[in-house]
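Residue numbers for the sequence shown follow my numbering, beginning at 153 and rising by one. Ideal placement from N, C-alpha and C gives every residue a C-beta, glycine not left out.
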Amino acid sequence: WDDDKEEEEGVSVKTAIEEKGVVVPAEYLCPITMEIMTDPVILTDGHVYERTAIQRWLAAHNTSPKTNQIVERGQLIRCHALRAIISEFVD
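Here it is, written out as structure tokens:
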């Protein structure tokens, strides 16, 4: 999907999908931004976040936003399978 399209129209992808009467699965949403993830990564807490959102969080914290446990800042693992599933859902 096209991130630039979202910015141009001023409507989030999540909102546009929901306006069509489609429910967005909670697993597709970043727990920080509550928006559909485009670059999901797994943190050492075992949870998945949008890369830019968790990077911003980790710049100011050394804990998980979900569990509050101390996490490894440099250990972000791409979640290719979830990214493909979300991409198919959005398209």
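Worksheet entry | Sequence-distant residues of the same chain with beta carbon closer than 6 Å to Y180, five excluded per side | For the purposes of this step, residue 180 is taken as the residue at position 28 of the sequence shown. Sequence-distant Cβ neighbours of Y180 in its own chain, meaning closer than 6 Å and more than five residues away, are I188, I238.
* Asked: With DSSP run on the structure shown, which of helix, strand or coil describes V175?
  -> Translated into positions along the sequence shown, residue 175 becomes position 23. Three-state result, V175: coil.
Helix, strand or coil: which one does DSSP assign to L234?
As a first step, residue 234 must be located in the sequence shown, where it is residue number 82. In this structure, L234 counts as helix in the three-state DSSP scheme.
Give a yes or no on contact between the segment 195-207 and the segment 223-232, applying the rule of three or more CB pairs nearer than 8 Å. Below 8 Å, enough C-beta pairs join the segment 195-207 and the segment 223-232 to call them touching: three or more.
If you draw a straight line from the C-alpha of Y201 to the C-alpha of A211, how long is it? For this step, residue 201 is matched to residue 49 along the sequence shown. For this step, residue 211 is matched to residue 59 along the sequence shown. One alpha carbon belongs to Y201, the other to A211, and they sit about 14 Å apart.
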